[in-house]
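Q:
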Amino acid sequence: MGAIWSEKPAPPAVHQPRSLQEAWELKTILGEGAVYVSGGTLLRTQWEAGTAPLPQQMIDLRNIAGMGEIGLAEDYLTIGSLVSLSQCRGNLDLREIAPAVQEAVRNIAAPAVRNLATLGGNISSGYGDILPALLVYDAEVASFDGKFLSVQPVEAWLKRRWSGEKPAAELLAGIRFPSAGHEHGEQSKLEIFRKVGRRDAFTASLVTIAVAASLDAASRSLSGVRIAAGGGTGRPQRLPAAEALLEGAVYSDSLMAAVYEAVESSFDTYSDPFSTEAYKRKTAGNLIVSELWKGLNAGGGE
Ligand SMILES: Cc1cc2nc3c(=O)[nH]c(=O)nc-3n(C[C@H](O)[C@H](O)[C@H](O)COP(=O)(O)OP(=O)(O)OC[C@H]3O[C@@H](n4cnc5c(N)ncnc54)[C@H](O)[C@@H]3O)c2cc1C
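Count the sequence shown with UniProt numbering and you get residues 1 to 302, in order.
(1) Is residue 9 buried or exposed, if buried means 16 or more other CB atoms sit within 10 Å of its CB?
(2) For residue 204, name the three-state secondary structure that DSSP assigns.
(3) Comparing C-alpha positions only, which one of 143, 125, 99 sits nearest to residue 162?
(4) Taking the beta carbon of residue 114 as the centre, do at least 16 other beta carbons fall within 10 Å, making it buried, or is it exposed?
(5) Residue 281 to residue 268, Cα distance in whole Å?
(6) What distance in whole Å lies between the Cβ atoms of residue 91 and residue 18, which are believed to be in contact at a cut-off of 8 Å?
(7) Between the Cα of residue 137 and the Cα atoms of 210, 57, 52, which residue gives the shortest distance?
(8) Can you tell me whether DSSP reads residue 123 as helix, strand or coil?
(9) Where does residue 178 fall in DSSP's three states?
(10) Buried or exposed: where does residue 221 fall if 16 or more other Cβ atoms within 10 Å of its Cβ makes it buried?
(11) Can you list, in chain order, the stretches of the alpha helix (DSSP H) that have 4 or more residues and sit fully within the segment 214-246?
(12) Tell me whether residue 142, by its Cβ, gets closer than 7 Å to a heavy atom of ligand 1.
(13) Name the one or two DSSP bridge partners that residue 118 has.
(14) Under 8 Å between the Cβ atoms of residue 169 and residue 24?
(15) Please determine whether the Cβ atom of residue 122 lies at a distance below 7 Å from any heavy atom of ligand 1.
(16) Comparing C-alpha positions only, which one of 171, 83, 48, 227 sits nearest to residue 148?
(17) Residue 307 bridges to which residues according to DSSP?
(18) Residue 156 by DSSP, collapsed to three states: which one?
(19) Does the distance from the C-beta atom of residue 192 to that of residue 119 stay below 8 Å?
(20) For residue 194 versus residue 291, is the C-beta distance shorter than 8 Å?
(21) Does residue 283 come out as helix, strand or coil in the three-state DSSP assignment?
(22) Which same chain residues end up closer than 7 Å to residue 105 when comparing Cβ atoms and leaving out the 5 residues on each side of it in sequence?
(23) Straight-line CA distance for residue 20 to residue 121?
(24) Excluding the 5 residues flanking residue 207 on each side, which residues of the same chain have their C-beta closer than 6 Å to its C-beta?
(25) Given a cut-off of 8 Å, decide if residue 250 and residue 289 are closer than it, judged by their beta-carbon atoms.
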């Protein structure tokens, strides 16, 4: 009888496909009991916390060729799904083209975790801290559905991910950013990512915000405004009401008050054991307005 209780569950079988097609076929055949694994850092926290069962079958994606590279071509900066967060953190092209994404990466975990953790794993979770930053650039996701590799805006991919329309076997192959047009000419650029957690550092996020806009310092106005928020296991989302208020408008205190109201009333988030939905909405509003204030007032007060 004692032997029954001390018996350990059988370790999962590990499959190591060499192509996206092979990985997709394995997942399709093995079904729900099989899980894609990249760095395994998020999955491990879920298995240890008991929020996801240890799978019977693991499909280790790390041997798939071509998904661990970063490439800059004329039109796009492309980052493969298996590129580690450490590689993202050190990449100079990403720093140039999407600094808010690099700032998001810098705020995730500690170096040992970032060496294993991948960009693809962060995005595939549907709530990774990088997602709000991707939303404020025109980043696109390349995904494989068993037949085709298709490219779509991060926002559209997220919508499918959160509505449950994304097929379980779909694989994330990588992301890309337009590489042209990030030169700003006369205008400077506001590109911001901020994270609030329960501690100052090495902490899971409660609220994250990202902003990207062109700044006309002379008129103290913004154009091409993109604002996004997320955090925890909540849905990362653009905040179009706040964006519309800011587009082309000249800085004023009343504008900032209206932006705060728009964020607080439109950010769709959730309560958890550590903070309420109301706290998260207020925090997002405060973070966005204080960062805009700093950006618009840099080099001279009102
Ligand atoms: C101590 C610690 C601190 C952390 N702090 C943070 C934090 O502050 N912010 C944050 O966002 N995360 C944090 N994480 C979670 C995690 O490290 C990151 O989100 C990481 O980027 C996940 O990547 P991964 O390769 O390890 O994903 P994995 O754990 O391998 O996979 C994550 C999910 O994505 C799926 N998946 C992976 N790759 C693919 C693919 N190519 N196609 C389709 N599905 C795929 C998996 O099936 C799984 O559901 C932390 C983890 C630890 C251990």
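We put the beta carbon where it would ideally sit given N, CA and C, even for glycine.
A: Inspection of the coordinates gives the following:
(1) exposed
(2) coil
(3) 125
(4) buried
(5) 8 Å
(6) Between residue 91 and residue 18 the Cβ distance is about 26 Å, and since that is not below 8 Å, they are no contact.
(7) 210
(8) helix
(9) strand
(10) buried
(11) 240-246
(12) no
(13) 84
(14) yes
(15) yes
(16) 171
(17) Lying before the first or after the last residue shown, residue 307 is absent from the chain, which here runs from 1 to 302.
(18) helix
(19) no
(20) yes
(21) helix
(22) 85, 88, 89, 130
(23) 15 Å
(24) 196, 231, 280, 283, 284
(25) no
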